[in-house]
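>
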DNA sequence: AATACAAGCGCG
DNA sequence: AAAGCGCGCTTGTATT
């Protein structure tokens, strides 16, 4: 047990914010009454090692950013509470688990109960966690104690820091926004859909295709947007599909199918990312999605609003740097298989992947016959495929890389038995529900029916595939957070451009309009918006950060995480 | 009229 | 082609 840290409180009462410097032995110096602006002024003079401890980054940080203040380091009590509460590495943290008010945000009422908290600005993430300084101090103390009492404080502390840095970055990404070209987007829409329709009307290409499909179906009134009706229309012309999904329809040979698939593609674009989306989400030359750090149980981020995680590749050309600026677009090649190799210590798999495309490495070693097969096999191994091509190819991987495959197989076994699994840094999967356990129990009873047993087998299998994937997806998310956090620190050290030197301010807000900054993140990919003159420096920083993330998580394990990196004014993916 | 759910498809 | 994991969003339909 380490001694409880002492801290300096410069936060405002009611703000839920405490500023802590764990690197120095600071005594509490008192609190100031005041608003966030006072706090921002006070904190802007704080040393770079200052760690902001607050109830909920999403609740407080946007206001600081709006006042031009960034936080170098953070500790998000809400997110860290969830990690420590669930981690299998903190078995003794019962007082922390008892502090249920800190669970409020993750257990949002679904029964329509009115919110119990007073929201003045409707900020996302501002849910029922306590906002007082005393509550924050108490919770922080509990978290430090839980950490100190854990079976691996070093890794868990790394995770808490990474999660909290992610929370800072999520707020910053929203504040900065993705530079978005309305012109390019509209050009794509017009070329594909044929011009903006009046409200309530269909775009020309959609209307034309609809007519073609109806003609081919021999039914001028056929409904193409209602699945049951469409299915009946298809049956009438002999297309005996069981669903209207693209995959199934594509197997039938009928003149209606081609235009119908095209119709579905176009309506999807028009509905999800058409002119309405553009008006709502790309105002002022910026797409500002709401990121939700820790929104997925595995530790991945979720998003809410704008569909940040689903931007169709088709629209990526609309991501366009401002004049005088450029984009550094980087993604990690085969992040999850590499993570699996590293966390399992599988040197054979690492050897196959080092310095090259991992899938090519498998082909070269004769494990599978083609890159495509390698990819299918590897994904199948991590997702728990049992049938089809994927299931067929997995055994070859299991023979070649027993150590890596053993790790995911063991995770699946534990999950199927109702156990929990844990990522490399200590994030633990949720436990089973009572219903799940009951179903397993019923299947074992003497009077169990075949249906009972089938249901239990199925739910056990489902859960096994979930925990199998959890360890890999979750550790990959940790690597990505370490990459992001490290990169963020590096970018903060680049000089700001000033107007005198020819650099142009952008629409990215008071903090980011003159600095290279992250503007997009999606699981294994980042985009940095940077002044033209800093592109190469940023690219180096991006690569260095990836290497640093690998070193932070996996030390000297001999495996690299190569990046596909482009410097370009737009984010088109090839 | 409001809400819940399933299907389908976009992303990794 | 879909399969095996994790998401968000829109639509139409069913339910209340």
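Numbering (the working numbering), first residue to last: 11 to 584.
In this text, a Cβ means the ideal position worked out from N, Cα and C, and glycines have one as well.
Which of the three DSSP states, helix, strand or coil, is assigned to residue 2?
Within the shown structure, residues of the chain are numbered from 11 to 584, placing residue 2 beyond reach of any answer.
> Nearest to residue 473 by CA position, among 208, 440, 492, 557, is which residue?
440
> May I ask you to verify whether the stretch 521-532 touches the stretch 311-330, counting CB pairs closer than 8 Å and requiring at least 3?
yes
> Please name the residue, chosen from 107, 383, 292, 578, that lies closest to residue 517 on a Cα-to-Cα basis.
Each of 107, 383, 292, 578 was checked against the Cα of residue 517, and the nearest Cα belongs to 292.
> Is the beta carbon of residue 202 less than 8 Å from the beta carbon of residue 279?
yes
> Quick one: what's got a C-beta closer than 6 Å to residue 121's C-beta in the same chain, skipping five residues either side?
The predicted position of residue 121 is uncertain, since its pLDDT is 30 and thus under 50; no value can be drawn from it.
> Compare the C-alpha of residue 367 against each of 79, 348, 376 and name the closest.
348
> Helix, strand or coil for residue 314 per DSSP?
strand
> For the candidate residues 184, 398, 251, whose alpha-carbon lies nearest to that of residue 238?
251
> Can you tell me where the beta strand (DSSP E) holding residue 530 begins and where it ends?
527-531
> Hey, could you find the ends of the beta strand (DSSP E) residue 301 is sitting in?
Residues 300-302.
> Out of 67, 373, 79, 145, which has the shortest C-alpha to C-alpha gap to residue 174?
67
> Among 277, 64, 232, which one has its Cα closest to the Cα of residue 266?
232
> Between which residues of its own chain and residue 170 is the CB-CB distance below 6 Å, once the five residues before and five after are set aside?
90
> Where do the N-terminal and C-terminal ends of the beta strand (DSSP E) with residue 84 fall, by residue?
From DSSP, the beta strand (DSSP E) with residue 84 extends over 83-86.
> Give the straight-line distance between the Cα atoms of residue 226 and residue 249, rounded to the nearest whole angstrom.
Those two C-alpha atoms are separated by around 12 Å.
> Is residue 564 helix, strand or coil by DSSP?
helix
> Go through its chain and collect everything with a Cβ distance to residue 410's Cβ below 6 Å, but skip five positions before and after it.
377
> Since residue 391 and residue 373 are thought to touch, with beta carbons under 8 Å apart, how far apart are those beta carbons, to the nearest angstrom?
In fact, because the Cβ distance is near 16 Å, the residues do not count as touching under 8 Å.
> On the three-state DSSP scale, how would you describe residue 339?
strand
> Quick check on residue 128: buried or exposed, where buried means 16 or more other Cβ atoms within 10 Å of its Cβ?
The pLDDT assigned to residue 128 is 32, lower than 50, so where the model puts this residue is not dependable; a value taken from the coordinates is nonetheless given after this. Exposed, because fewer than 16 other Cβ atoms sit within 10 Å of the Cβ of residue 128.
> Leaving out five residues on either side along the sequence, give the residues of the same chain with a beta carbon under 6 Å from the beta carbon of residue 493.
The residues are 555, 556, 559.
> Please name the residue or residues paired with residue 297 in a DSSP beta bridge.
188
> What number of angstroms, rounded off, separates the C-alpha of residue 498 from the C-alpha of residue 548?
11 Å
> Taking only three categories from DSSP, how would you classify residue 546?
helix
> Could you check where the alpha helix (DSSP H) with residue 501 kicks off and where it finishes?
460-502
> Could you give the DSSP three-state label for residue 161: helix, strand or coil?
coil
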